[in-house]
Amino acid sequence: MAATCRNGHVPKAPQPPEMEKTNLEFTQRLERKLAEYNASNNVFKRWLFEMICWLTSAACMAAIIFVYTHIKNRPIIEKGTSTLLTLANVLGKVSSAALIVPTSEALGQLKWHWFHDSNALWDFEIFDKASRGPLGAMMLLFRTKGRSLAALGALLILLLLAIDTFFQQVIDLPDRWALQETASEVPKTIWYEPGLSEQFREGVSTLQPDDDMFLLIGKYSYGNGPRSVPSGNGTRPDISLSCPTSNCTWPEYQTLGVCSHCEDISSLLEFACMPNKDDWSSDRYGGFDVEKYFPNNTMCGYFLNLTSDQPVFMSGYMQKPGGNLSGEALLARMLPLTTLYSREPLYGNGSIHFKHLRNTIADLLIVSAAENATADTFRNKPPVAHECVLAWCVKTIQSSYYSGRYEENVLSTVYNTTPGIHPWVSYPFETENENGTDIFYLQDVNIDIKSPGGAITTFGTSNNTASAIIMSFRDIFPAFTTSTNSSAAQFMRYKTWSTGPPWLRTLDFNPWLAPNNITRHMERLAIGMTNEFRSVEGKVDTVFGSSFSREVFVRVKWEWLTFPLVLLVMSLIFLVSTIIKTSKETTTGFWKTSSMPTLIYSLPHEVQREFSTQTWDNASSKKHKQIRIKLLPNQGWRVSGEVKTSKPQVIVHAHRSSSAWI
Numbered sequence: 252m253a254a255t256c257r258n259g260h261v262p263k264a265p266q267p268p269e270m271e272k273t274n275l276e277f278t279q280r281l282e283r284k285l286a287e288y289n290a291s292n293n294v295f296k297r298w299l300f301e302m303i304c305w306l307t308s309a310a311c312m313a314a315i316i317f318v319y320t321h322i323k324n325r326p327i328i329e330k331g332t333s334t335l336l337t338l339a340n341v342l343g344k345v346s347s348a349a350l351i352v353p354t355s356e357a358l359g360q361l362k363w364h365w366f367h368d369s370n371a372l373w374d375f376e377i378f379d380k381a382s383r384g385p386l387g388a389m390m391l392l393f394r395t396k397g398r399s400l401a402a403l404g405a406l407l408i409l410l411l412l413a414i415d416t417f418f419q420q421v422i423d424l425p426d427r428w429a430l431q432e433t434a435s436e437v438p439k440t441i442w443y444e445p446g447l448s449e450q451f452r453e454g455v456s457t458l459q460p461d462d463d464m465f466l467l468i469g470k471y472s473y474g475n476g477p478r479s480v481p482s483g484n485g486t487r488p489d490i491s492l493s494c495p496t497s498n499c500t501w502p503e504y505q506t507l508g509v510c511s512h513c514e515d516i517s518s519l520l521e522f523a524c525m526p527n528k529d530d531w532s533s534d535r536y537g538g539f540d541v542e543k544y545f546p547n548n549t550m551c552g553y554f555l556n557l558t559s560d561q562p563v564f565m566s567g568y569m570q571k572p573g574g575n576l577s578g579e580a581l582l583a584r585m586l587p588l589t590t591l592y593s594r595e596p597l598y599g600n601g602s603i604h605f606k607h608l609r610n611t612i613a614d615l616l617i618v619s620a621a622e623n624a625t626a627d628t629f630r631n632k633p634p635v636a637h638e639c640v641l642a643w644c645v646k647t648i649q650s651s652y653y654s655g656r657y658e659e660n661v662l663s664t665v666y667n668t669t670p671g672i673h674p675w676v677s678y679p680f681e682t683e684n685e686n687g688t689d690i691f692y693l694q695d696v697n698i699d700i701k702s703p704g705g706a707i708t709t710f711g712t713s714n715n716t717a718s719a720i721i722m723s724f725r726d727i728f729p730a731f732t733t734s735t736n737s738s739a740a741q742f743m744r745y746k747t748w749s750t751g752p753p754w755l756r757t758l759d760f761n762p763w764l765a766p767n768n769i770t771r772h773m774e775r776l777a778i779g780m781t782n783e784f785r786s787v788e789g790k791v792d793t794v795f796g797s798s799f800s801r802e803v804f805v806r807v808k809w810e811w812l813t814f815p816l817v818l819l820v821m822s823l824i825f826l827v828s829t830i831i832k833t834s835k836e837t838t839t840g841f842w843k844t845s846s847m848p849t850l851i852y853s854l855p856h857e858v859q860r861e862f863s864t865q866t867w868d869n870a871s872s873k874k875h876k877q878i879r880i881k882l883l884p885n886q887g888w889r890v891s892g893e894v895k896t897s898k899p900q901v902i903v904h905a906h907r908s909s910s911a912w913i
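What follows is the structure in structure tokens.
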């Protein structure tokens, strides 16, 4: 009996929620629309959805290429770069997802095409799984042995699994050096003028030494030069430079400097034992014109100009009276090729191997005992002998600064080789208190450099500055290193210009004595003097360079897009081939991946019983393999094999039921 309310009315059935009803109607309309397109006789309409998906994938890939072309080599911090990278990732996901649709749908349609002929029952399961995942696709490849169009679809299903990985590998974010807006600076000198003050004696202006240069020369005269100060991964530069980052470079530039060069003169020395003027012993007094009072003593060793009237003893030892005992040994001698007081040149213009250089700072002979200084001297072992020169020059330099390490590469050097007279002149003088000789350096140092544009730049310094620098060497050039025996201390006798008792000092490190590299020491001295030229505050020029800092850049590895593009083309080939192959199949309909045919065309009851859970065992597996099925239009599934079947029934609905809840 139907339930009634107290007022006698029958209650109405509960209605479904309006939102659920709307959603259900929308999905049904969508599925119905797709079914209408699939049932169309127009090939284009049948595959419209798949073609739209393929075009979507192609458009996304084209957009990805456009985005990558736009952001390649751009820093990641640049505005909009990160957003575009995110957009490219999203487009990659959309492209891969859209490409799966036409592939799986085409493979699904090939499933129904496969059963237009009689084929194994299990093929239906394999095809169904192949259109849904990689395991089924792999099984389909084995089933078809790669000789079917469906095998291409299965291969595409497998390859599409890796497409996202290839999209991700297209972009690399390495660190690169990026140019910064702030320029770097390094000093150079065109005209060296340290601003020497005047000093007077008895109302007469006298030479004022270059104090900074004098201190620097002293560091190299009695040791290995200034101590380097650690900074970062290297040492602090000896010049004042500005590098706002850890990596700076400068263009080639030219600066006034000092260059050194040494030549071997061992062939000019000869061994002998003979009387000679003793001007080198550690007890010799110094002063003006005192050489004429030095005694002659017998010496054994190596002489310069042995056959001349005035041979010069360069290395050896004193021989005591009787000829059996050795006295004091001369271990090293530095002999300038201009006289100390009058600055008169020796050997013509004051040089042996460097006569072509004009306005040299120092040209001297450096002769040193071999490795075991005193012992080798007493054994008459040949000494190490060089002629070394320090000369004004213009250096073309390439500079760089990286991670605390400053480096300079001298690309070329230019000297003044024009002919000219000796720059020194001397005049004797006499006053109420003393007499002596005034010496003057009369020439400015000029080195003209012609630029590629034709302009001439004159590098150099004034005569007074040149004279002050040259006179800074008079303490050390000339000088002597002596010792009385192998176990005795070694003394350097220097400041030979000073009147009175000799100046002697011991050195912790004697740079003028072998096996120390004298040539390299002179090079370092020249570099130090060049740096001093470039360090005069307010009187140097500035070279502006580039500064770089580490930034993350976008690097596009285009080769990784090859795989997605190949898959795009292969999927198009597969889709078009499927369309052509199935274009005439209008009787059974275009179901693609739809499961509706399995509901509409059910298997006969006898076959269903064969595959029930109770009969699913190994004993019946051979029988199952022999069962083959075929889908016939308007008849449903036709089964062949060892199963006896009744006539299949196709249920035809006379009318469409209305929407209702089940």
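Take the sequence shown: its letter number 634 is residue 885 in my numbering, and every next letter is one higher.
Cβ atoms here follow ideal geometry from the backbone N, Cα and C, with glycine treated the same way.
Note that the coordinates shown come from a computational prediction; the quantities given were computed from them, not determined experimentally.
task = Identify every residue that forms a DSSP beta bridge with Met743.
result = In the DSSP assignment, Met743 forms a beta bridge with Thr732 and Arg756.
task = List the endpoints of the continuous alpha helix (DSSP H) containing Gly599.
result = Unbroken alpha helix (DSSP H) run through Gly599: Tyr598 to Gly601.
query = From which residue to which residue does the beta strand (DSSP E) around Lys646 run?
reply = Taken as a continuous stretch (DSSP letters only), the beta strand (DSSP E) holding Lys646 covers Val635 to Tyr653.
ask   = Exposed or buried, what is Lys543 when buried is set at 16 or more other beta-carbons lying within 10 Å of its beta-carbon?
value = By the neighbour-count rule (16 or more Cβ atoms within 10 Å), Lys543 is not buried but exposed.
inquiry  = So, at 7 angstroms on beta carbons, what are the nonlocal neighbours of Leu989 in its own chain, with the 5 sequence-adjacent residues on each side left out?
reply    = Residue 989 is absent from the structure shown; the chain starts at 252 and stops at 913.
ask   = Is Pro679 helix, strand or coil by DSSP?
value = In the structure shown, Pro679 sits in a strand (DSSP, three-state: E or B).
task = Pull up the distance between the alpha-carbon of Gln420 and that of Lys808, whole angstroms please.
result = Using only the alpha carbons, I get a separation of about 8 angstroms.
query = Looking at the unbroken alpha helix (DSSP H) that takes in Asp695, where does it start and where does it end?
reply = No alpha helix (DSSP H) holds Asp695; DSSP gives it neither H nor E.
Continuous beta strand (DSSP E) stretch holding Tyr536: start and end = Looking at the DSSP string, Tyr536 is not in any beta strand (DSSP E), and its letter there is neither H nor E.
inquiry  = I need the DSSP call for Asp423, collapsed to helix, strand or coil.
reply    = Strand, per DSSP.
request  = Excluding the 5 residues preceding and the 5 following Asn869 in the sequence, name in chain order all residues of the same chain whose CB lies nearer than 7 angstroms to its CB.
outcome  = The pLDDT assigned to Asn869 is 47, lower than 50, so where the model puts this residue is not dependable; a value taken from the coordinates is nonetheless given after this. Nothing listed; no residue qualifies.
Which residues DSSP lists as bridging Tyr960, in chain order = As shown, the chain starts at 252 and ends at 913. That puts residue 960 outside it, with no answer to give.
inquiry  = If I measure Cβ to Cβ from Ile721 and keep anything under 6 angstroms in the same chain, skipping five residues before and after, which residues do I get?
reply    = Once the five neighbours on either side are set aside, the close Cβ partners of Ile721 are Ile612.
key: Three CB pairs or more closer than 8 angstroms across the region 526-543 and the region 640-653   = No contact exists between the region 526-543 and the region 640-653.
message = Determine, for Thr735, whether the minimum Cβ-Cβ distance to residues of chain B falls below 8 angstroms.
response = In the structure shown, chain B cannot be found, because there is only a single protein chain.
query = Would Lys330 be called buried (16 or more neighbouring beta carbons within 10 Å of its own) or exposed?
reply = The residue is exposed, with fewer than 16 neighbouring Cβ atoms inside 10 Å.
Bridge partners - Thr688, DSSP secondary structure assignment = Here Thr688 is bridged, per DSSP, to Pro679.
task = Measure from the alpha carbon of Tyr745 to the alpha carbon of each residue in Thr558, Leu350, Pro766 and Asp726, then state which is nearest.
result = Of the listed residues, the one whose Cα sits closest to Tyr745 is Asp726.
query = Exposed or buried, which one is Gln561 when buried takes at least 16 other CB atoms within 10 Å?
reply = By the C-beta density criterion, Gln561 is exposed, having fewer than 16 other C-beta atoms within 10 angstroms.
query = Roughly how many whole angstroms lie between the Cα atoms of Arg609 and Asp426?
reply = Each residue's alpha carbon lies about 51 angstroms from the other.
task = In the DSSP assignment, find the unbroken beta strand (DSSP E) run with Asn714 in it and report its ends.
result = Taken as a continuous stretch (DSSP letters only), Asn714 belongs to no beta strand (DSSP E), being part of the alpha helix (DSSP H) at Asn714 to Met722.
request  = Assign His772 to one of three DSSP states: helix, strand, or coil.
outcome  = His772: helix per DSSP, three-state reduction.
message = On the DSSP letters alone, give me the boundaries of the alpha helix (DSSP H) that Pro587 sits inside.
response = Note, Pro587: premise wrong, no alpha helix (DSSP H); beta strand (DSSP E) at Ser577 to Pro587.
ask   = Thr628 to Trp763, Cα distance in whole Å?
value = Between the alpha carbons of Thr628 and Trp763 lies a gap of roughly 15 angstroms.
Given Gly779 as reference, the closest of Pro670, Gln505 and Arg478 once Cα atoms are compared = For Gly779, the nearest C-alpha among the options comes from Arg478.
query = Any idea if Phe938 is buried or exposed, counting beta-carbon neighbours within 10 angstroms, 16 or more meaning buried?
reply = No answer is possible for residue 938: it lies beyond the span of the chain, which begins at 252 and ends at 913.
inquiry  = Per DSSP, what are the beta-bridge partners of Leu615 in this structure?
reply    = By DSSP's assignment, Leu615 forms a beta bridge with Pro587 and Cys639.
message = Once the 5 residues before and after Gly751 are set aside, which same chain residues still bring their CB inside 8 angstroms of it?
response = Cβ neighbours of Gly751 within its own chain (closer than 8 angstroms, five residues either side excluded): Tyr536, Gly537 and Gly538.
task = Tell me where the alpha helix (DSSP H) around Glu301 begins and ends.
result = Leu299 to Ile322 is the extent of the alpha helix (DSSP H) around Glu301.
message = Looking only at its chain, what residues have a beta carbon closer than 6 angstroms to the beta carbon of Thr709, apart from the 5 residues adjacent to it on each side?
response = Asn697 and Asp699.
request  = Rank Ser346, Val345 and Tyr319 by C-alpha distance to the C-alpha of Ser333 and give the top, closest one.
outcome  = The closest CA to that of Ser333, considering only Ser346, Val345 and Tyr319, is found on Tyr319.
query = Which residue or residues does DSSP assign as beta-bridge partners of Leu918?
reply = This structure cannot speak to residue 918, because the chain is shown only from 252 to 913.
task = Name the one or two DSSP bridge partners that Trp442 has.
result = By DSSP's assignment, Trp442 forms a beta bridge with Gly711.
ask   = So, is His772 buried or exposed, given that buried needs 16 or more other C-beta atoms within 10 angstroms?
value = With 16 or more other Cβ atoms inside 10 Å of its own Cβ, His772 counts as buried.
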